[in-house]
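Quick note on our numbering: the first sequence kicks off at 84 and runs consecutively.
Glycine included, each C-beta is placed from N, C-alpha and C at the ideal position.
Remember, predicted model here, so these are calculated numbers, not experimental data.
Okay, so here's the structure we're looking at.
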Amino acid sequence: MQELPKTFSPKDFEEALYKKWEESGSFAPDPDPSKKPYSIMMPPPNATGTLHLGHATMLAIEDIMARFKRMQGFATLYLPGTDHAAIATESVVIKKLQEEGMRNPKEELGREALLQKIRDFVENSKNTIRNQVRKMGTSCDWSRERYTFSDEMNHAVNELFTMMYTDRLIYRGDRIVNWDPKMQTTVADDELEYVEEKSAFYTFQYGPFQIGTSRPETKFGDKVVVMHPNDPRYAQYKHGEEIGPFEWINGPTMATVIKDEAIDMEFGTGVMTITPWHDTTDFEIAERHKLEKIQVIDEQGRLLPIAGEFAGMKIHEARPKIVEKLAAKGLLLSTDENYMHNVAVSYRGKGKVEPQIMKQWFVDVNKAVIDWKGKQLSIKEVLQDVVHSGMIKIVPDRFDKIYFHWIDNLRDWCISRQIWWGHRIPVWYKEGEVKVGETSPGEGWIQDEDTLDTWFSSQLWTFSTLGWPEKTPDLMRFTPSDVLETGYDILFFWVARMILGTTYALRKSGFPEEKSIPFKNVYLHGLIRDIRGKKMSKSHPETCIDPLDMIEKYGTDAIRLSLVIGGTPGNDMRLYEEKIAGFRNFVNKIWNGARFVLMNLDENTPQDLDPSIFSRADKWILTRLNEIIEKATTQLETYQFSEAGMTVYDFFWGEYCDWYVEMSKVNKNPAVLKHVLKDCLKLLHPFMPFVTEAIWELTEGAPNKMLMIAEWPKANLAWNFEEETEEVQRVMEVVSTLRSLRAESNVDATKKIHAIIYAHEDLGLLQAKAEIIKRLANLGELDLSETGEKVEKSLATFVGDIEIFLPLADLIDFDQERKRVEKEIQELEKYIEGIERKLSNPAFAQNAPKEILDKEKSKLEESKSKLEKNKSQLTTLTK
RNA sequence: GGGCGGUUAGCUCAGCUGGUUAGAGCGCCACAUUGACAUUGUGGAGGUCGGUGGUUCGAGUCCACUAUCGCCCACCA
Numbered sequence: 084m085q086e087l088p089k090t091f092s093p094k095d096f097e098e099a100l101y102k103k104w105e106e107s108g109s110f111a112p113d114p115d116p117s118k119k120p121y122s123i124m125m126p127p128p129n130a131t132g133t134l135h136l137g138h139a140t141m142l143a144i145e146d147i148m149a150r151f152k153r154m155q156g157f158a159t160l161y162l163p164g165t166d167h168a169a170i171a172t173e174s175v176v177i178k179k180l181q182e183e184g185m186r187n188p189k190e191e192l193g194r195e196a197l198l199q200k201i202r203d204f205v206e207n208s209k210n211t212i213r214n215q216v217r218k219m220g221t222s223c224d225w226s227r228e229r230y231t232f233s234d235e236m237n238h239a240v241n242e243l244f245t246m247m248y249t250d251r252l253i254y255r256g257d258r259i260v261n262w263d264p265k266m267q268t269t270v271a272d273d274e275l276e277y278v279e280e281k282s283a284f285y286t287f288q289y290g291p292f293q294i295g296t297s298r299p300e301t302k303f304g305d306k307v308v309v310m311h312p313n314d315p316r317y318a319q320y321k322h323g324e325e326i327g328p329f330e331w332i333n334g335p336t337m338a339t340v341i342k343d344e345a346i347d348m349e350f351g352t353g354v355m356t357i358t359p360w361h362d363t364t365d366f367e368i369a370e371r372h373k374l375e376k377i378q379v380i381d382e383q384g385r386l387l388p389i390a391g392e393f394a395g396m397k398i399h400e401a402r403p404k405i406v407e408k409l410a411a412k413g414l415l416l417s418t419d420e421n422y423m424h425n426v427a428v429s430y431r432g433k434g435k436v437e438p439q440i441m442k443q444w445f446v447d448v449n450k451a452v453i454d455w456k457g458k459q460l461s462i463k464e465v466l467q468d469v470v471h472s473g474m475i476k477i478v479p480d481r482f483d484k485i486y487f488h489w490i491d492n493l494r495d496w497c498i499s500r501q502i503w504w505g506h507r508i509p510v511w512y513k514e515g516e517v518k519v520g521e522t523s524p525g526e527g528w529i530q531d532e533d534t535l536d537t538w539f540s541s542q543l544w545t546f547s548t549l550g551w552p553e554k555t556p557d558l559m560r561f562t563p564s565d566v567l568e569t570g571y572d573i574l575f576f577w578v579a580r581m582i583l584g585t586t587y588a589l590r591k592s593g594f595p596e597e598k599s600i601p602f603k604n605v606y607l608h609g610l611i612r613d614i615r616g617k618k619m620s621k622s623h624p625e626t627c628i629d630p631l632d633m634i635e636k637y638g639t640d641a642i643r644l645s646l647v648i649g650g651t652p653g654n655d656m657r658l659y660e661e662k663i664a665g666f667r668n669f670v671n672k673i674w675n676g677a678r679f680v681l682m683n684l685d686e687n688t689p690q691d692l693d694p695s696i697f698s699r700a701d702k703w704i705l706t707r708l709n710e711i712i713e714k715a716t717t718q719l720e721t722y723q724f725s726e727a728g729m730t731v732y733d734f735f736w737g738e739y740c741d742w743y744v745e746m747s748k749v750n751k752n753p754a755v756l757k758h759v760l761k762d763c764l765k766l767l768h769p770f771m772p773f774v775t776e777a778i779w780e781l782t783e784g785a786p787n788k789m790l791m792i793a794e795w796p797k798a799n800l801a802w803n804f805e806e807e808t809e810e811v812q813r814v815m816e817v818v819s820t821l822r823s824l825r826a827e828s829n830v831d832a833t834k835k836i837h838a839i840i841y842a843h844e845d846l847g848l849l850q851a852k853a854e855i856i857k858r859l860a861n862l863g864e865l866d867l868s869e870t871g872e873k874v875e876k877s878l879a880t881f882v883g884d885i886e887i888f889l890p891l892a893d894l895i896d897f898d899q900e901r902k903r904v905e906k907e908i909q910e911l912e913k914y915i916e917g918i919e920r921k922l923s924n925p926a927f928a929q930n931a932p933k934e935i936l937d938k939e940k941s942k943l944e945e946s947k948s949k950l951e952k953n954k955s956q957l958t959t960l961t962k
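Pasting the structure below:
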């Protein structure tokens, strides 16, 4: 037997083991059609990114599920991929080119050359993230790796676009959109972030009204004044009434009175003017009343000719001058310099967003075109139905509400983007004619310049990766996927959109409803925060944790555990280095537990367990193992990853190592020792694949029987020894008591008294014995250092060879003991009375589920027998 | 304004449909240690589960109110 190092060094194993797994081909699903399929589609990280803790968490949880299911015998597909991340990638590359000295890369390079630059960049950096995903031990099928901007994906995107266009679900229209002047593109509602900003808030005299604004530069085109229909202050003004002329920025103007309930009477003066071209609310008011919409600011953020002398100026330049002019005219009533309000910025580019009306492509979310459960439903209605009907379950379920609320507020989805990096809109124009299709319809046709929102392609992720629109064997086998695991922060961005795109596309492709969903379950993990509860940020390097550094320092298994244990779905979790170090210690504990077992194995160790030679300790640990297997399996199946991990962790460290292995030093059964270790390795493998596989290799040796594809353990019902288990646990309690006494007392070593624990079936007396020993110690009559050892030995051999002496009457305060037992009896009687009352309640007896009823009954029985024991103990004590 | 979550040991967090004495890791204190493991072992200290009230035989768990921190959505003229 080779000498194994005392500490487990992850670096010596991880790379080689991963290579071995990957080369074995077992990351790919078993092609055997009789095997039940199980599939997880990895949310694709950005092709240009590096692995952060969000990815690491995602990969850890997904890999636990994949490995668990694979060991359970499912044909498990865990499909990896990367995302082209349209706007994020384009802005990164442009920024890089600018840093290299290019002033305006888009102008200087032109479309094709810039795209080539981005393509090269992506190709180059894709490998980084790929290797980092491997470093996490992720057991995904690299032979099926996909990319959201591959030719196949492009084909799927075009197909979907064409289908939706044909159904008139996609339309082109003038709508207000979020325009990012910095990136020169539209941004989706969900991609906006709001940052608080302090700016001046002005109140101007506008005809007979006072209006407030923080944006005077938009006010040129305002010819409408709006107030709430119920506002008594303005009851004298009639809806549609013309006011004016009166003096305004560039001379006299007229205004129309509009009454609309969107106005908040409490805010400011309760009156406002509207700028429909540059404000979403204003746009909606204008739509409702069919008002004229005038553009004031152009796409570069400059004022248009309507601004007169201010035309051509940038917003920040024009604003003070306009205020100055109005002040000179005496129309500025007040200025609040400390007005706090939220400014919309692009989630990606961080540029300030300027609402604009532009010609864009939209997806209609209200048009009923999907054939669903015998009705024609709209996208919105299908989105609601799949979650409402339970076809898709969200874990934790409180996110249902948030999801439904989002749908209620969902407006038509603007899918066109004015950037170059992305799926180009498959629409062609010629002399006012429009055609939709993947390739040019012929001579003279010009393709739409815009590209599609990145989420338009990623919504197809779960099924286009399997070959759609072709009906490939993979598509037929693995759709819908079993679970989508992701952070709750992209529930709207992506999860909801996937449901949207998938239900539509697959239903239209002839799939039945239950197969036309992207996934059956959604598991949402929380965000990882630093020790202070703040978002991890590179500006705080002292608390910011890089998963790759941690892998380097503590090993992948440790970081995986630290990201999973202590976390609950949908809740954020704090991470700090000490926690990772703690799990590194557990990894090492397993290594050393295994080392001990290996030292105790030899060629004579039988392969099979022989129940006829089971000691009580063997029976105990096997019974406990059964319980742990069942508990951990259930917890894994119900997405309680943290609990499942803790279950096995506690068992392995607290019971197997601390007690069973210790007992084995006195009296061992190597076959059982090995058996329990092997099952623990299996149970722990999904959480910590490397150390478990490394040990498996050492214990099993055979190169073809990897732990990764070993069969998930099952409880062996023939080995449930409840009585022995209870007994062992009682003795463990006594030993603990002894240990504590040994630590507490300073008994003179010369006074040696052998404590005696006599074999008696009665539980109450056994506990009383511990008490006796305690009192002996207090009287200085007992050398606990010796006694403790003896008891431990007795536990180990379980022969009950400890001697006893019995000056009971001298040592026990019978009165006090009697009082204690009497009190216990009283409590038990009260408890039993309670259960009986509950059971005799007809409402409870009729309505409660059978399991609950049985549970209550067994509790009742248990308490009754306990009561009996206490009563007999009481009579003993009374004698 | 609407919604959601957190509040449990010094710190970070578990605690599944209510059930005996509320748990873990880290930290702290004491002791141990030559053969699995100091990345260790044993023992200990430390909690009126944010507050008030209610339902119940029984509440960390359910209900109402409340305090406080955080998040999401909408609005911000």
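Beta-bridge annotation (DSSP): Lys458 is paired with Trp455.
In the DSSP annotation of this structure, Met441 is not part of any alpha helix (DSSP H); the continuous beta strand (DSSP E) holding it starts and ends at 437–446. Within the model, the alpha-carbon separation for Gly609 versus Thr569 is close to 9 Å. Residue pairing from DSSP places Ala158 in a beta bridge opposite Pro120.
Distance from the CA of Pro188 to the CA of Val176, rounded to the nearest whole angstrom, comes to 9 Å.
Here Leu607 carries a strand assignment [DSSP, helix/strand/coil].
Per DSSP, the continuous beta strand (DSSP E) segment holding Pro328 begins and ends at 325–331. At the C-beta level, Cys740 and Gly653 stay beyond 9 Å of one another. If you look at Ala700, you'll find it in the alpha helix (DSSP H) that goes 699–720. Here Glu810 has Arg699 as same chain residues with Cβ atoms under 7 Å from its own Cβ, once five neighbours each way along the sequence are excluded. Cβ-Cβ separation between Met266 and Ser174: approximately 6 Å, consistent with a contact (criterion under 8 Å). Boundaries of the beta strand (DSSP E) harbouring Val519: 516–519, taken from the DSSP string. Look at Phe602 here: in three-state DSSP terms it is strand. Short of 8 Å from the beta carbon of Thr545, and not among the five residues preceding or following it, lie these beta carbons of its own chain, in chain order: Met124, Thr562, Pro563, Ser564, Leu567, Met581, Thr585, Pro601, Phe602. With respect to the 9 Å criterion, Tyr277 and Ser222 are not classified as neighbours on the basis of their beta carbons.
Residue range 334–342 is occupied by the beta strand (DSSP E) that includes Thr336. In terms of Cβ geometry, Leu558 and Gly550 form a close pair [threshold 9 Å]. Secondary structure at Asp480: coil, using DSSP grouped into helix, strand and coil.
Within the same chain, Val680, Leu684, Thr688, Thr782 come within 8 Å of Lys757 by CB-CB distance, once the 5 residues on both sides are set aside.
The DSSP-derived three-state label of Val379 is coil. DSSP, reduced to helix, strand and coil, places Asn750 outside both helices and strands of the structure shown, so it counts as coil. For the 9 Å CB-CB criterion, Met141 and Pro163 do not form a contact. As the crow flies, the alpha-carbon of Phe287 is around 13 Å from that of Gly353. Excluding its 5 nearest sequence neighbours in each direction, Pro479 has C-beta neighbours in its own chain below 6 Å: Pro652, Gly653, listed in chain order.
For Tyr571, same chain residues with a beta-carbon under 6 Å away, outside a window of 5 residues either side, are Leu607, Gly653 in chain order.
Taking a contact to require three or more Cβ pairs closer than 8 Å, the segment 489–502 and the segment 525–544 qualify as touching. Ranked by Cα distance from Thr231, the options Gly515, Val465, Glu206, Arg150 are led by Glu206.
In this structure, the alpha-carbon of Ile212 lies about 15 Å from that of Asp224. Two segments are said to touch when three or more pairs of C-beta atoms, one from each, lie closer than 8 Å; by this definition the segment 654–669 does not touch the segment 693–710. Setting aside the 5 residues that flank it on each side, Leu708 is surrounded in the same chain by Val759, Asp762, each with a C-beta closer than 7 Å to its C-beta; the list follows chain order.
About 13 Å separates the CB atoms of Ile405 and Gly304; that is not less than 8 Å, and the two are not in contact.
For Ser540 against His506, the beta-carbon gap comes to about 5 Å, under 8 Å, which counts as contact. Annotation for Tyr121: Lys152, Phe157, Thr159, Asp565 place their beta carbon closer than 6 Å to its own, counting only its chain and skipping 5 residues before and after. Remark: fewer than three beta-carbon pairs, one from each stretch, lie closer than 8 Å, so the segment 245–260 and the segment 784–803 are not flagged as touching. For Phe284, no alpha helix (DSSP H) segment is defined; the enclosing uninterrupted segment is the beta strand (DSSP E) at 275–289. Under the three-state reduction of DSSP, Gln530 is assigned to strand.
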